[in-house]
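Novice: Numbering (our numbering), first residue to last: 15 to 141.
Note that beta-carbon positions come from the ideal geometry of N, C-alpha and C, so glycine has one too.
This structure is a prediction, so every number in the text was calculated from the model and none was measured.
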């Protein structure tokens with residue numbers, strides 16, 4: 015097995031350690047491997063999507079990136095049936111998009127949020 019080195023901040027390491035205890039993983043490497051396997055599985059599922067789909071897109075971001083969210087939202091306005099914005103704590107927001115459109119366009123919108131470093135978390139749920 016190849017050895018890969020990554021840099022993580024203390025906050026993420028603390029979360030990994032908590033997760034290790036809660037889920038019973040034998041170590042940090044096992045958690046990282048499980049996370050990568052999940053990400054790969056999600057991407058494989060996403061690549062198989064074709065045609066007209068309905069989906070939810072969840073995005074968590076810091077409050078300072080509202081302008082970037084708004085810009086992306088306007089770029090994909092034709093896909094958005096409903097958009098809900100909620101402040102989830104002192105400086106973070108949750109965006110919920112109910113989407114309807116061609117799979118490739120919804121995937122493109124999702125990737126735009128995922129590739130933005132200001133977004134803390136992005137999750138696509140296909141219905």
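For residue 34 and residue 44, what's the separation of their Cα atoms in angstroms?
Specialist: Whole-angstrom Cα-Cα distance: 9 angstroms.
Novice: Could you tell me whether the segment 54-63 touches the segment 89-106, where touching means 3 or more Cβ pairs closer than 8 angstroms?
Specialist: Flag = no, the segment 54-63 and the segment 89-106 do not touch.
Novice: In the DSSP assignment, the alpha helix (DSSP H) including residue 53 goes from what residue to what residue?
Specialist: First-last of the alpha helix (DSSP H) with residue 53: 42-61.
Novice: How about residue 72 and residue 113: do their beta carbons lie closer than 8 angstroms?
Specialist: No.
Novice: Could you check where the beta strand (DSSP E) with residue 101 kicks off and where it finishes?
Specialist: First-last of the beta strand (DSSP E) with residue 101: 94-101.
Novice: Can you tell me whether residue 141 is buried or exposed? The criterion is at least 16 other CB atoms within 10 Å of its CB, across all chains shown.
Specialist: By the 10 Å Cβ count, residue 141 comes out exposed.
Novice: Where DSSP assigns a beta bridge to residue 111, which residues make up the other side?
Specialist: In DSSP, residue 111 forms a bridge with 71, 97.
Novice: Among 77, 93, 84, 81, which has the Cα closest to the Cα of residue 122?
Specialist: The candidate whose alpha carbon is nearest that of residue 122 is 93.
Novice: Is there contact between the segment 72-85 and the segment 126-135, where contact requires at least three CB pairs shorter than 8 angstroms?
Specialist: With a cut-off of 8 angstroms, the segment 126-135 and the segment 72-85 count as touching, because enough Cβ pairs lie within range.
Novice: Taking only three categories from DSSP, how would you classify residue 140?
Specialist: Three-state DSSP puts residue 140 in a strand.
Novice: Along the chain, where does the alpha helix (DSSP H) containing residue 64 start, and where does it finish?
Specialist: Note, residue 64: premise wrong, no alpha helix (DSSP H); not H, not E.
Novice: Can you give the Cα-Cα distance for residue 90 and residue 111, rounded to whole angstroms?
Specialist: Computed Cα separation, rounded: 11 angstroms.
Novice: Measuring only between beta-carbons, confirm whether residue 23 sits less than 8 angstroms from chain C.
Specialist: Protein chain content of the structure displayed is limited to a single chain, and chain C is not contained in it.
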